Amino acid sequence: MSDTLEQALNWINDPLNWTNPNGVIDRLIEHLWLSALAVLLGCLIAWPLGVWMGHRGRGGGLTVMVSNVSRAIPTLALLSLLPLTALGFGAPSVVPALAVFAIPPLLATAYTGVRECDPAARDAARGMGLSGAQVLWRVELPLAVPQMAAGFRTASVQVVATATLAALVNGGGLGVIISQGFGLGMSVGGGQILAGGVLVAGLALLIEGLLAVLEKLLTPRALNNRA
Amino acid sequence: MSFPVAGHALAANSDPWFTWSYVRNNADALGAAFTEHVTLTALTMLFAALLAVPLGVLAYKARWLTAPILALSGVLYTVPSLALFALLAPFLGLTMTTVLVGLVMYALLIIVRGTLTGLRQVPEEVRDAARGMGYGGMRMLTRIELPLAMPSILTGLRIAAVSTVALVTVGAVLGKGGLGGLILSGFRNNLYKPQILTATVLCVALALVCDVLLAWAGRLLTPWTKGARA
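From first to last, the protein sequence lines are chains A and B. For the first sequence, the residue numbers in the UniProt record's numbering are 1 to 227. For the second sequence, the residue numbers in the UniProt record's numbering are 1 to 230.
Pasting the structure below:
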């Protein structure tokens with residue numbers, strides 16, 4: 001047991017493991033790049049749809065259904081199936097597979113954020129003569145920011161976490177360090193497995209913390225107390 | 001585990017997405033994987049519920065413990081499943097125990113939150129009335145608060161069960177992933193579509209069955225909510 005710990009420390013302390021081609025730094029950049037693209041794709045799909053449904057006050061059932069269904073789909077299955085379609089291997093199939101798990105929180109928060117903004121504010125805006133689009137743009141969307149920011153954080157952390165699994169299907173990312181370790185076997189690769197686990201867990205927690213701070217900073221001050 | 005990416009050549013392979021002959025010829029393997037999947041899910045839910053419901057009660061009763069309990073289970077929830085297995089495997093080995101411990105840690109937060117939410121939703125006047133009738137301490141908890149919190153606890157259990165069924169697949173890296181093992185080996189052995197898809201479909205179906213079963217059990221356990229729901 002202590003052998004493995006020592007192995008893991010040695011692995012992490014070896015600068016070559018970081019700077020080599022396909023070392024930690026390369027894998028980290030790959031991981032963040034895949035995750036960023038997936039979250040972006042998720043936002044492009046979920047935000048317009050969620051905001052529009054919230055504005056029209058329709059489709060609440062759909063947001064619940066989307067999150068329930070996505071929960072039942074194993075990430076590993078989606079990551080294995082998409083490369084076999086026309087999308088092909090690598091990023092073109094990994095990014096959409098990850099985006100599928102970013103969509104539910106983004107959609108739900110965009111919908112409820114717009115839907116549940118203060119009816120009095122909406123009425124007042126209407127009374128001042130704002131059109132439907134103006135109400136959406138100037139009143140509902142700004143009021144929905146705290147909720148949407150929270151959804152963005154949930155989605156991003158989820159994607160960064162699930163991107164680890166891309167390694168199992170040749171998709172790259174930090175998970176490769178772990179899957180290579182498992183490939184070497186426990187006696188040889190134990191240290192690398194542990195080191196990879198620490199790196200991936202650290203990354204997920206770091207992203208969560210950073211986005212929490214960012215969320216606080218970006219939320220308009222007037223809305224901060226309520227959020 | 002660096003296997004050659006012969007993918008591009010193989011992607012064009014002409015396997016159909018689904019064949020009955022695959023199912024017939026591999027009924028044994030499918031059955032074994034399915035059984036392992038069900039076993040892992042059931043054990044995870046059992047241990048998670050035994051651990052998380054009392055934790056939720058503790059978080060509710062002892063105010064100063066609420067934040068630490070939620071924070072700890074939140075951290076465990078944030079750690080990616082593969083990393084969790086990677087952190088546990090060197091100590092617990094490539095065993096079912098490793099998968100179980102990891103999955104229980106993951107399910108914890110969902111059930112703790114459900115329990116806490118449920119207990120907080122018990123109306124104060126109900127608690128007052130019970131107190132007036134002489135309920136207190138343990139009896140208040142088991143006869144009044146927990147039954148009233150049951151719908152929320154069950155929602156937590158349902159979400160946890162569905163997530164667990166999906167997450168078991170990741171156990172494939174430890175060789176104990178139930179249907180996930182078939183998905184992963186299907187991918188690695190010539191991208192064998194029928195195997196990947198059949199295992200996936202079984203997995204999603206299992207998740208839905210768990211959800212429906214728990215919903216049904218919930219209705220049996222909380223007969224008083226029937227009128228309210230209709």
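C-beta: ideal position from N, C-alpha, C; glycine also. Quick caveat, the model's predicted, so the values are computed rather than measured.
So alanine 201/A and alanine 83/B are in contact, right, with Cβ under 8 Å, and what is the actual spacing, rounded? For this step, residue 201/A is matched to residue 201 along the first sequence. For this step, residue 83/B is matched to residue 83 along the second sequence. Between alanine 83/B and alanine 201/A the Cβ distance is about 4 Å, and since that is below 8 Å, they are a contact.
To the nearest angstrom, how far is the alpha carbon of methionine 150/B from that of arginine 139/B? Walking along the second sequence from the start, residue 150/B turns up at place 150. Walking along the second sequence from the start, residue 139/B turns up at place 139. Going by the C-alpha atoms only, they are around 16 Å apart.
Could you round the C-beta distance between alanine 59/B and valine 112/B to whole angstroms and report it? I think they count as a contact, below 8 Å. Walking along the second sequence from the start, residue 59/B turns up at place 59. Walking along the second sequence from the start, residue 112/B turns up at place 112. Going by Cβ atoms, the distance from alanine 59/B to valine 112/B rounds to 7 Å, so yes, they are a contact pair.
Can you check which of these residues, Thr63/A, Asn20/A, Leu87/A, Gly59/A, is closest to glycine 171/A by C-alpha distance? Numbered from its first residue, the first sequence carries residue 171/A at position 171. Relative to the Cα of glycine 171/A, the nearest Cα in the group Thr63/A, Asn20/A, Leu87/A, Gly59/A belongs to Leu87/A.
For chain A, find out if any of its Cβ atoms is closer than 8 Å to the Cβ of valine 38/B; answer yes or no. Taking the first residue of the second sequence as 1, we reach residue 38/B at position 38. Not an interface residue.
Supposed contact pair alanine 110/A and methionine 148/A - C-beta distance, whole angstroms, cut 8 Å: Reading the first sequence from its first residue, position 148 is the one you call residue 148/A. Reading the first sequence from its first residue, position 110 is the one you call residue 110/A. Going by Cβ atoms, the distance from methionine 148/A to alanine 110/A rounds to 6 Å, so yes, they are a contact pair.
Report the three-state DSSP secondary structure of threonine 122/B (helix, strand or coil). Counting from one through the second sequence, the residue named residue 122/B turns up at place 122. At residue 122/B the sequence reads valine, which differs from the threonine that was named. DSSP places valine 122/B in coil when its eight states are reduced to three.
Environment of valine 169/A [buried if 16+ CB atoms lie within 10 Å]: Here residue 169/A is taken as the residue at index 169 of the first sequence, counted from 1. By the 10 Å Cβ count, valine 169/A comes out buried.
Using a Cβ-Cβ distance cut-off of 8 Å, determine whether alanine 83/B contacts chain A. Translated into positions along the second sequence, residue 83/B becomes position 83. Answer yes: the Cβ-Cβ gap between alanine 83/B and chain A drops below 8 Å somewhere.
Between proline 105/A and chain B, is any beta-carbon pair separated by less than 8 Å? Against the first sequence, residue 105/A aligns to sequence position 105. Output row for proline 105/A: interface = no.
Residues in the stretch 190–201 of chain B having any Cβ partner in chain A nearer than 8 Å: Within the stretch 190–201 of chain B, the residues whose Cβ lies closer than 8 Å to any Cβ of chain A are, in chain order, Leu191, Lys193, Ile196, Leu197, Ala199, Thr200.
To the nearest whole angstrom, what separates the beta carbons of leucine 103/B and leucine 40/B, a pair I think is in contact under 8 Å? Within the second sequence, the letter at position 103 stands for residue 103/B. Within the second sequence, the letter at position 40 stands for residue 40/B. Contact check for leucine 103/B and leucine 40/B: beta-carbon distance about 7 Å, within the 8 Å limit, so the pair qualifies.
Let's test the definition: count the other Cβ atoms within 10 Å of the Cβ of glycine 209/A and tell me whether it reaches 16, buried, or not, exposed. As a first step, residue 209/A is located in the first sequence; it is residue number 209 there, counting from the start. Flag for glycine 209/A reads exposed.
What does alanine 150/A reach in chain B if we use C-beta pairs closer than 9 Å? For the purposes of this step, residue 150/A is taken as residue 150 along the first sequence, with counting starting at 1. Near alanine 150/A there are no residues of chain B at all, since even the closest Cβ is about 14 Å away, more than 9 Å.
Comparing C-alpha positions only, which one of Ala89/B, Thr222/B, Ala161/B sits nearest to alanine 42/B? Within the second sequence, the letter at position 42 stands for residue 42/B. With distances taken between Cα atoms, alanine 42/B lies closest to Ala161/B.
Can you check whether the C-beta of alanine 166/B is within less than 8 Å of a C-beta belonging to chain A? The residue given as residue 166/B occupies position 166 in the second sequence. Yes, its Cβ sits closer than 8 Å to a Cβ of chain A.
Between leucine 214/B and chain A, is there a C-beta pair that is closer than 8 Å? Residue numbering aside, residue 214/B sits at position 214 when the second sequence is read from its first letter. It does not; no Cβ of chain A falls within 8 Å.
Straight-line Cα distance separating alanine 36/A from valine 145/A: Here residue 145/A corresponds to residue number 145 of the first sequence, with the count starting at 1. Here residue 36/A corresponds to residue number 36 of the first sequence, with the count starting at 1. About 20 Å.
From which residue to which residue does the alpha helix (DSSP H) around leucine 174/A run? Against the first sequence, residue 174/A aligns to sequence position 174. Taken as a continuous stretch (DSSP letters only), leucine 174/A belongs to no alpha helix (DSSP H), as it is neither H nor E.
Unbroken alpha helix (DSSP H) run spanning tyrosine 22/B, endpoints: Here the question's residue 22/B lines up with position 22 in the second sequence. It spans 20–25 - the alpha helix (DSSP H) in which tyrosine 22/B sits, taken as one unbroken run.
Straight-line Cα distance separating isoleucine 12/A from leucine 73/B: Here residue 73/B refers to the residue found at position 73 when the second sequence is read from its first residue. Here residue 12/A refers to the residue found at position 12 when the first sequence is read from its first residue. It is serine, not leucine, that sits at residue 73/B in the sequence shown. Between serine 73/B and isoleucine 12/A, the C-alpha separation is close to 27 Å.
Which residue's Cα is closest to the Cα of threonine 66/B: Gly175/B, Tyr22/B, Leu116/B, Val122/B? To locate residue 66/B, count along the second sequence from 1; it is residue 66. Measuring from the Cα of threonine 66/B, the nearest candidate turns out to be Leu116/B.
Just to confirm, is the Cβ distance from threonine 169/B to proline 96/A under 8 Å? In the second sequence, residue 169/B corresponds to position 169, counting from 1. In the first sequence, residue 96/A corresponds to position 96, counting from 1. Cβ atoms of threonine 169/B and proline 96/A: not closer than 8 Å.
Contact belief for alanine 108/A with valine 39/A at Cβ below 8 Å, rounded distance in angstroms: Sequence index remark: in the first sequence, residue 108/A carries index 108 (1-based). Sequence index remark: in the first sequence, residue 39/A carries index 39 (1-based). That belief does not hold up - the Cβ atoms of alanine 108/A and valine 39/A are roughly 15 Å apart, past 8 Å.
Ordered along the chain, which non-local residues of its own chain (more than five positions away) have a Cβ less than 6 Å from that of methionine 1/B? As a working mapping, residue 1/B is identified with position 1 in the second sequence. Confidence at methionine 1/B is low in this model, with a pLDDT of 40, below 50, so its placement is unreliable and the value that follows should be read with caution. Close CB contacts of methionine 1/B within its chain, under the 6 Å cut and outside five residues either way in sequence, are absent.
Interface residues of chain B around leucine 214/A at Cβ under 9 Å? Looking up residue 214/A in the first sequence gives position 214. For leucine 214/A, none of the residues of chain B pass the 9 Å Cβ criterion, the least Cβ distance being about 16 Å.
What number of angstroms, rounded off, separates the C-alpha of leucine 109/B from the C-alpha of alanine 133/A? For the purposes of this step, residue 109/B is taken as residue 109 along the second sequence, with counting starting at 1. For the purposes of this step, residue 133/A is taken as residue 133 along the first sequence, with counting starting at 1. Each residue's alpha carbon lies about 40 Å from the other.
Does DSSP put tyrosine 77/B in a helix, in a strand, or in coil? Stepping through the second sequence from its first residue, residue 77/B is reached at position 77. In the structure shown, tyrosine 77/B sits in a helix (DSSP, three-state: H, G or I).
Among Leu55/B, Val122/B, Ser163/B, which residue has its Cα nearest to the Cα of isoleucine 144/B? Against the second sequence, residue 144/B aligns to sequence position 144. Nearest of Leu55/B, Val122/B, Ser163/B to isoleucine 144/B, Cα basis: Val122/B.
With respect to the alpha helix (DSSP H) encompassing lysine 176/B, which residues constitute its N-terminal and C-terminal limits? Here the question's residue 176/B lines up with position 176 in the second sequence. Here lysine 176/B belongs to no alpha helix (DSSP H), and DSSP marks it neither H nor E.
Positions along the stretch 144–157 of chain B whose CB lies within less than 8 Å of some CB in chain A: none
Could you give the first and the last residue of the continuous alpha helix (DSSP H) run that contains arginine 153/A? On the first sequence, residue 153/A is found 153 positions in, with the first residue counted as 1. Residues 141–162.
Please report the residue range of the alpha helix (DSSP H) in which glycine 127/A lies. The count along the first sequence starts at 1 and reaches residue 127/A at position 127. Segment 119–127, the alpha helix (DSSP H) holding glycine 127/A.
Extent of the continuous alpha helix (DSSP H) to which isoleucine 153/B belongs: If you number the second sequence from 1, residue 153/B lands on position 153. Counting along the chain, the alpha helix (DSSP H) containing isoleucine 153/B begins and ends at 146–168.
Just to confirm my understanding: we take alanine 199/B, look at its own chain, exclude 5 residues before and 5 after, and list those with CB closer than 6 Å. What are they? Taking the second sequence and counting its residues from 1, the one referred to as residue 199/B is at position 199. The residues are Leu179, Leu182, Ile183.
8 Å contact criterion, which cysteine 117/A and leucine 143/A should meet: CB distance rounded: In the first sequence, counting from the first residue as 1, residue 117/A sits at position 117. In the first sequence, counting from the first residue as 1, residue 143/A sits at position 143. Taking the Cβ atoms as the reference, cysteine 117/A lies roughly 4 Å from leucine 143/A, within the contact range of under 8 Å.
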